[in-house]
Amino acid sequence: MKEAVIGIDIGGTFTKFGMVDRAGHSYGEGSISSDKSETIDEFLSQLFDAIQKLMASLPEKLDIKGIGIGAPNSNYYKGTIENAANLRWKGTIHITEKVSQLFGLPCVLTNDANAAALGEMIYGAAKGMKDFVVITLGTGLGSGIVVNGEVVYGHDGFAGELGHIIVRPNGRECGCGLRGCLETYVSATGIKRTVFKLLADYNAKSELRSYSFDELTAEMIS
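Positions 14 to 235 (my numbering) are the ones given, in order, by the sequence shown.
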């Protein structure tokens, strides 16, 4: 039986998951909505069911050793998601504790962009590099900074959040409570906000006028 781990990427709109071994081979993957569940416990129950269903469908059984989670506003030291701007569940969520209890497996947590940086350093475009920055674009904007082969976490676990650098003082309101953050302009959601402002400011014909804000996607804009 092959040893593997479960990787979970919690985003503002979708949560993706898969089973992968030490060599980086993926045995299966899937996704569920992140923004449809009213509570974190309801969400984790749906996630558990989806992962169990996927594992049951695999042609070979895996010896799952643990779970790794990447999520916005994650505290690597405490295993908590804290006041995430792009997730509907607010406050401090002790997610590693909840997931470990649900699955009966050890669980570790890091910022989603930091997880992406680790993945690129071990398996991807940054293989062999020791100093680089990874930018993730989705509902928000994340960043993972690696210096001398180590992810920069800072004393509180929240160092290097480029998405919340203020690029326009008193600019757009951000889910974090500040105004003018970079992600309010260049994330997928930020680009949608820009398009709607352009449509309001100008009379030029555009097929995008046929869509509501909720219907419009960054892919349509692209």
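Each residue gets a CB set at the ideal place from its N, CA and C atoms; glycine is no exception.
- Query: Unbroken alpha helix (DSSP H) runs of length 4 or more, entirely within the stretch 97 to 153: which are they?
  - Reply: 108 to 116 and 125 to 135
- Message: Out of E16, V159, E174 and N86, which one is the CA nearest neighbour of E73?
- Response: Here residue 73 refers to the residue found at position 60 when the sequence shown is read from its first residue. Of the candidates E16, V159, E174 and N86, the one whose C-alpha sits nearest the C-alpha of E73 is E16.
- Item | Close beta carbons around G41, own chain, < 8 Å, minus the five adjacent residues each side | Position 28 of the sequence shown, counted from the first residue, corresponds to residue 41. Excluding residues within five positions, the ones whose Cβ falls inside 8 Å are G31, M32, L67, M68, S70 and L71.
- Query: In whole angstroms, what is the alpha-carbon distance linking K103 and L57?
  - Reply: The residue you call residue 103 lines up with position 90 of the sequence shown. The residue you call residue 57 lines up with position 44 of the sequence shown. One C-alpha to the other measures close to 15 Å.
- From E186, D62 and A98, pick the residue whose C-alpha is nearest to that of L115; which is it? On the sequence shown, position 102 is the one that residue 115 refers to. Closest option to L115, judged by alpha-carbon separation, among E186, D62 and A98: D62.
- Under the three-state reduction of DSSP, which class applies to G176: helix, strand or coil? Locating residue 176 in the sequence shown gives position 163, where the first residue counts as 1. DSSP places G176 in helix when its eight states are reduced to three.
- Who are the near neighbours of S50 in its chain, counting only those whose CB is closer than 6 Å to its CB and skipping five residues on each side? On the sequence shown, residue 50 is found 37 positions in, with the first residue counted as 1. If we look at S50 and ignore the five residues flanking it on each side, its Cβ neighbours are F56.
- Just list the alpha helix (DSSP H) runs in the stretch 158 to 226, keeping only unbroken ones of 4 residues or longer that don't cross its boundaries, in chain order. 196 to 199 and 201 to 214
- Item | Whole-Å CB distance - I82 paired with V112, under 8 Å assumed | Within the sequence shown, numbered from 1, the residue matching residue 82 stands at position 69. Within the sequence shown, numbered from 1, the residue matching residue 112 stands at position 99. Indeed, because the Cβ distance is near 7 Å, the residues count as touching under 8 Å.
- Residue from I179, T230 and S200 with nearest C-alpha to G238: No information on residue 238 is available, as it lies outside the stretch 14 to 235 that the chain covers here.
- Any 3 or more C-beta pairs closer than 8 Å across the stretch 151 to 163 and the stretch 126 to 140: yes
- Which of helix, strand or coil DSSP assigns to L229: For this step, residue 229 is matched to residue 216 along the sequence shown. Coil.
- Message: Could you compute how far the alpha carbon of S225 sits from the alpha carbon of I234?
- Response: For the purposes of this step, residue 225 is taken as the residue at position 212 of the sequence shown. For the purposes of this step, residue 234 is taken as the residue at position 221 of the sequence shown. The alpha-carbon atoms of S225 and I234 are separated by roughly 13 Å.
- Of all the options K91, G25 and E110, which has the alpha carbon lying nearest to the alpha carbon of D54? Position 41 of the sequence shown, counted from the start, is the residue given in the question as residue 54. That would be E110, whose Cα lies nearest to the Cα of D54.
- Message: Judging by CA-CA distance, which residue of R35, T93 and T152 is the nearest neighbour of C120?
- Response: Locating residue 120 in the sequence shown gives position 107, where the first residue counts as 1. Comparing Cα positions, the closest option is T93.
- Three-state secondary structure assigned by DSSP to A63: Here residue 63 refers to the residue found at position 50 when the sequence shown is read from its first residue. Here A63 sits in helix by DSSP.
- Message: DSSP has A17 in a bridge; who is on the other side?
- Response: On the sequence shown, position 4 is the one that residue 17 refers to. DSSP, once it has assigned bridges, lists I77 as partnering A17.
- Message: I need the straight-line Cα distance from Y166 to I148, nearest angstrom please.
- Response: For the purposes of this step, residue 166 is identified with residue 153 of the sequence shown, where counting begins at 1. For the purposes of this step, residue 148 is identified with residue 135 of the sequence shown, where counting begins at 1. Approximately 15 Å, taken between the alpha carbons.
- Query: Between S219, G25 and E220, which lies nearest to T152 when the distance is taken from Cα to Cα?
  - Reply: The residue labelled residue 152 in the question sits at position 139 within the sequence shown. When only C-alpha atoms are compared, the closest one is G25.
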